[in-house]
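Sequence order for the protein chains is H and L. Numbering that gives the first Met the number 0 puts the first residue of the first sequence at 0, with every later residue one more than the last. Numbering that gives the first Met the number 0 puts the first residue of the second sequence at 0, with every later residue one more than the last. The beta carbon of each residue, even a glycine, is placed where N, CA and C say it ideally should be.
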Amino acid sequence: MIRYNAADAASMREKLIERAKADVADCYQCGNCTAGCPSAFTFDYMPNQVMRMLQVGLVDEVLASKSVQLCIQCLTCTARCPRNIDIAGIFETLKTIAVADEVKVPEHAATFNRLFIDNIAKYGRLTEAMFLVRFNLAAMKPMNDADLGMPMLSKGKLEIVPKKAKGADEVGRIVRKTMEKAK
Amino acid sequence: MTALAYYPGCSLRHSAEEFDSTTRTLLKALDIDVQEVPDWTCCGASPAHMTDHLLAQALSTRNLRQAALISDEFMAPCPACYQREKNAEIEVHADDELRAEVNSVMDKPYTGNVRVYNLPELLLEKVGPEVIAGLVKVDLSQLKVVPYYGCLLGRPSELTGECDNEQPMRMDVLLEAVGADVKWWNFKTECCGASVGVPKKIIQQRLTAKLLEQAVHAGADAIVTACPLCHQNLDMRQAQTNSALGTNYNMPVLYLTQVMGLAMGFTADEMMLEKHAIDPRPLVEKAIAEAAELKAEEARKAADKAAKAKAKAEKEAAEAGATAERSAAESAAEAPPAAEAPQAAEASAAPVAVETPAPTSDTGGTDPAANDTEAAS
Numbered sequence: 000m001i002r003y004n005a006a007d008a009a010s011m012r013e014k015l016i017e018r019a020k021a022d023v024a025d026c027y028q029c030g031n032c033t034a035g036c037p038s039a040f041t042f043d044y045m046p047n048q049v050m051r052m053l054q055v056g057l058v059d060e061v062l063a064s065k066s067v068q069l070c071i072q073c074l075t076c077t078a079r080c081p082r083n084i085d086i087a088g089i090f091e092t093l094k095t096i097a098v099a100d101e102v103k104v105p106e107h108a109a110t111f112n113r114l115f116i117d118n119i120a121k122y123g124r125l126t127e128a129m130f131l132v133r134f135n136l137a138a139m140k141p142m143n144d145a146d147l148g149m150p151m152l153s154k155g156k157l158e159i160v161p162k163k164a165k166g167a168d169e170v171g172r173i174v175r176k177t178m179e180k181a182k
Numbered sequence: 000m001t002a003l004a005y006y007p008g009c010s011l012r013h014s015a016e017e018f019d020s021t022t023r024t025l026l027k028a029l030d031i032d033v034q035e036v037p038d039w040t041c042c043g044a045s046p047a048h049m050t051d052h053l054l055a056q057a058l059s060t061r062n063l064r065q066a067a068l069i070s071d072e073f074m075a076p077c078p079a080c081y082q083r084e085k086n087a088e089i090e091v092h093a094d095d096e097l098r099a100e101v102n103s104v105m106d107k108p109y110t111g112n113v114r115v116y117n118l119p120e121l122l123l124e125k126v127g128p129e130v131i132a133g134l135v136k137v138d139l140s141q142l143k144v145v146p147y148y149g150c151l152l153g154r155p156s157e158l159t160g161e162c163d164n165e166q167p168m169r170m171d172v173l174l175e176a177v178g179a180d181v182k183w184w185n186f187k188t189e190c191c192g193a194s195v196g197v198p199k200k201i202i203q204q205r206l207t208a209k210l211l212e213q214a215v216h217a218g219a220d221a222i223v224t225a226c227p228l229c230h231q232n233l234d235m236r237q238a239q240t241n242s243a244l245g246t247n248y249n250m251p252v253l254y255l256t257q258v259m260g261l262a263m264g265f266t267a268d269e270m271m272l273e274k275h276a277i278d279p280r281p282l283v284e285k286a287i288a289e290a291a292e293l294k295a296e297e298a299r300k301a302a303d304k305a306a307k308a309k310a311k312a313e314k315e316a317a318e319a320g321a322t323a324e325r326s327a328a329e330s331a332a333e334a335p336p337a338a339e340a341p342q343a344a345e346a347s348a349a350p351v352a353v354e355t356p357a358p359t360s361d362t363g364g365t366d367p368a369a370n371d372t373e374a375a376s
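Structure representation (structure tokens):
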């Protein structure tokens with residue numbers, strides 16, 4: 000049986016007001032966010048359901064949901080919310096909380112983000128081809144986008160030997176410092 | 000005027016190098032002096048802001064700090080970079096506490112006040128549609144396009160300065176200024192799924208297919224975008240989308256800069272059209288040829304019309320002269336008022352011309368309506 004948790008609801012609400020400048024209590028469940036969400040068909044809870052779950056304190060369920068991971072940050076929900084709630088901002092903040100709290104999350108979006116940041120921390124600028132190979136190995140999908148390799152190579156769009164940008168060391172330090180602070 | 004700080008971003012170095020090159024070419028042709036941000040690094044889009052807020056703002060602010068070395072104006076052609084840099088500009092400039100926190104994780108502090116532009120915004124503010132229209136050399140009136148803004152050029156309008164979240168207009172205005180046939184559609188800002196193109200393909204494929212379908216319905220032959228990520232999805236991944244969903248789209252996707260450049264007289268090679276997966280060259284060549292044909296046809300029609308008008312005037316003058324002579328010779332006392340004569344000649348000339356061409360004219364016909372019937376048949 001699912002029990003509502005007033006304490007969790009209150010602390011998450013405060014966190015979201017502070018970080019996303021959005022109050023989940025403003026949501027009156029009209030469903031506009033869900034109607035316009037282009038990736039909702041892959042979600043386990045619809046965006047308006049996530050809002051309701053946050054209101055009643057089902058925080059752990061939300062943080063471990065597919066919905067938070069597969070939100071593509073297109074900002075459609077934010078633009079269309081009649082209560083002017085920055086819903087995409089709430090989802091963005093939930094993603095960051097899941098990273099900081101080391102929540103075990105489904106799907107490969109978080110892996111994608113982590114490896115992307117590892118890459119720029121080392122090279123300063125994203126080295127696209129190398130990053131893609133590393134992601135595919137981590138996600139155990141070695142042939143992912145392999146069909147794009149040849150056309151991109153023949154059109155001169157692949158960086159074969161990654162180069163380190165001049166500001167790379169500073170980017171590495173920024174990543175280390177902020178991630179330590181986040182923990 | 001100091002140079003504008005130009006931020007290419009990671010995608011424009013390789014996978015979207017044609018966007019970088021054509022943007023620089025266009026800016027130069029429009030007399031906008033740009034200089035690359037010294038030692039720029041990745042802005043952190045989209046992973047950083049989904050990982051940690053301070054990380055995202057620090058990665059973006061580092062580039063604003065570097066830009067401040069050369070300018071107080073900054074432009075990123077990539078909407079994803081633009082959105083992150085603009086976000087940092089707004090938050091860091093408004094919040095001294097955040098600025099201090101961001102500065103504490105960077106090697107050197109950012110103390111400047113750099114304004115961030117996106118590409119359509121910059122072109123409209125610094126040059127304007129009238130000047131751009133004046134530079135058009137090639138007629139693109141037969142190039143039917145839909146402008147595709149994607150998520151981050153229009154939304155949220157408080158940040159981008161666009162007129163509306165759902166119906167932004169900057170690209171429309173620019174494309175109309177260079178004479179393209181801009182089709183209206185309701186999918187200008189519908190997401191193409193780029194940010195999950197790699198980790199979650201099905202989202203990207205469904206959204207991309209929907210956009211292609213709607214572009215066809217709108218009557219467009221090509222989609223115009225100003226985003227390297229949207230371009231990659233719609234163009235490079237169009238074959239993947241087709242094979243995954245059993246569709247058969249073959250729609251070229253052009254960059255805004257390429258369409259503007261072509262209109263301003265740059266060649267297909269200079270606009271690097273060969274870089275795209277769906278080759279846009281046949282379409283562009285066809286549209287330009289059609290426009291030239293149409294123009295020649297119009298010129299021919301106008302010349303015909305002028306010749307006919309001349310013939311008609313000559314004929315009328317001759318007939319009026321003859322009538323006047325006849326009436327003067329026959330009876331001076333019973334002569335009709337002189338003004339009636341040309342009217343009578345005109346009234347009788349029109350029905351005659353439809354059936355049998357007048358001897359003085361090549362194609363005959365003095366009535367414009369009769370002309371149209373002939374041209375149509």
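Asked: Within chain H, partners of L/Lys274 - CB distance below 9 angstroms; Found: Lys154, Gly155, Lys156
Asked: Buried versus exposed, by CB contacts within 10 Å (16 or more), L/Ser242; Found: exposed
Asked: Cβ neighbour criterion (16 or more within 10 Å) applied to H/Ala19; Found: buried
Asked: Per-residue contacts from H/Met151 into chain L (C-beta, under 8 angstroms); Found: Ser14, Met235
Asked: Residues bridged to L/Leu3 (per DSSP); Found: L/Val33
Asked: Nearest-angstrom beta carbon gap, L/Glu161 and L/Gly149 [assumed within contact, 8 angstroms]; Found: Going by Cβ atoms, the distance from L/Gly149 to L/Glu161 rounds to 12 angstroms, so no, they are not a contact pair.
Asked: Buried versus exposed call for L/His216 [16 or more other C-beta atoms within 10 Å across all chains shown]; Found: exposed
Asked: Three-state secondary structure assigned by DSSP to H/Arg2; Found: coil
Asked: Where H/Val102 meets chain L, residues with beta-carbon distance less than 8 angstroms; Found: Those do not exist, as H/Val102 stays about 13 angstroms from chain L at its closest Cβ, beyond 8 angstroms.
Asked: Three-pair Cβ contact test at 8 angstroms for the region 44-51 of chain L versus the region 111-129 of chain L; Found: no
Asked: L/Pro146: first and last residue of the uninterrupted beta strand (DSSP E) it sits in; Found: 143-147
Asked: Neighbourhood of L/Val36 by C-beta, 8 angstroms cutoff - its chain only, sequence neighbours within 5 removed; Found: Ala4, Tyr5, Tyr6, Asn62, Gln65, Ala66, Ile69, Phe73
Asked: Sequence-distant residues of the same chain with beta carbon closer than 7 angstroms to H/Cys73, five excluded per side; Found: Pro37
Asked: Segment contact, 8 angstroms Cβ cut-off, at least three pairs: the region 57-75 of chain H with the region 86-99 of chain H; Found: yes
Asked: Beta-carbon spacing of H/Met183, H/Leu157 below 7 angstroms; Found: Any property of residue 183 of chain H remains undetermined from this structure, which presents chain H solely from 0 to 182.
Asked: Every unbroken beta strand (DSSP E) inside the region 82-147 of chain H [3 residues or more]; Found: none
Asked: Selection of the region 42-69 of chain L by Cβ proximity to chain H, strictly under 8 angstroms; Found: Gly43, Ser45, Pro46, Ala47, His48, Met49, Thr50, Asp51, His52, Leu53, Leu54, Ala57, Leu58, Arg61, Gln65
Asked: Segment contact flag, the region 133-142 of chain L with the region 176-187 of chain L, C-beta cutoff 8 angstroms, min 3 pairs; Found: yes
Asked: Beta-carbon gap between H/Ala128 and H/Gly56 smaller than 7 angstroms; Found: no
Asked: Residue-level contact to chain L via CB, H/Ile116, 7 angstroms cutoff; Found: yes
Asked: Nearest candidate by alpha-carbon position, reference H/Met178, set L/Ala55, L/Arg236, L/Ala310, L/Ala291; Found: L/Ala55
Asked: Interface positions of the region 161-177 of chain L facing chain H (Cβ-Cβ less than 8 angstroms), listed along the chain; Found: Asn164, Glu165
Asked: CA nearest to the CA of L/Leu121, picked from L/Glu189, L/Leu142, L/Leu173, L/Ser156; Found: L/Leu173
Asked: Chain-ordered neighbours of L/Pro146 on chain H, where CB pairs are closer than 8 angstroms; Found: What L/Pro146 touches in chain H: nothing, since even the nearest Cβ is about 17 angstroms away.
Asked: Ordered list of alpha helix (DSSP H) runs contained in the region 153-186 of chain L, each at least 4 residues; Found: 156-159, 169-176
Asked: Same chain, Cβ closer than 7 angstroms to H/Cys76, neighbours up to 5 away in sequence not counted; Found: Cys32, Gly35, Cys36, Pro46, Ile86, Ala87
Asked: Of the residues L/Ala301, L/Leu11, L/Glu90, the one placed nearest L/Cys226, counting alpha carbons only; Found: L/Leu11
Asked: Proximity of L/Ala87 and L/Tyr81 at Cβ, strictly below 7 angstroms; Found: no
Asked: Cβ distance (whole Å) where H/Gln54 is taken to contact H/Val23 below 8 angstroms; Found: 5 angstroms
Asked: Sub-7 angstroms separation of L/Val223 and L/Leu255 beta-carbons; Found: yes
Asked: Proximity test, Cβ basis, 7 angstroms: H/Arg12 and chain L; Found: no
Asked: Span of the alpha helix (DSSP H) around H/Val183; Found: Residue 183 of chain H falls outside the range modelled here, since chain H spans only 0 to 182, and no answer is possible.
Asked: DSSP bridge partner residues for L/Ala221 (one or two, in chain order); Found: L/Val144
Asked: Burial state of H/Cys29 (16 or more Cβ within 10 Å); Found: exposed
Asked: First and last residue of the uninterrupted beta strand (DSSP E) at L/Met235; Found: Where L/Met235 is concerned, there is no enclosing beta strand (DSSP E), given that its DSSP letter is neither H nor E.
Asked: Near-chain L residues of the region 6-39 of chain H - C-beta to any C-beta below 7 angstroms; Found: Arg18, Pro37, Ser38
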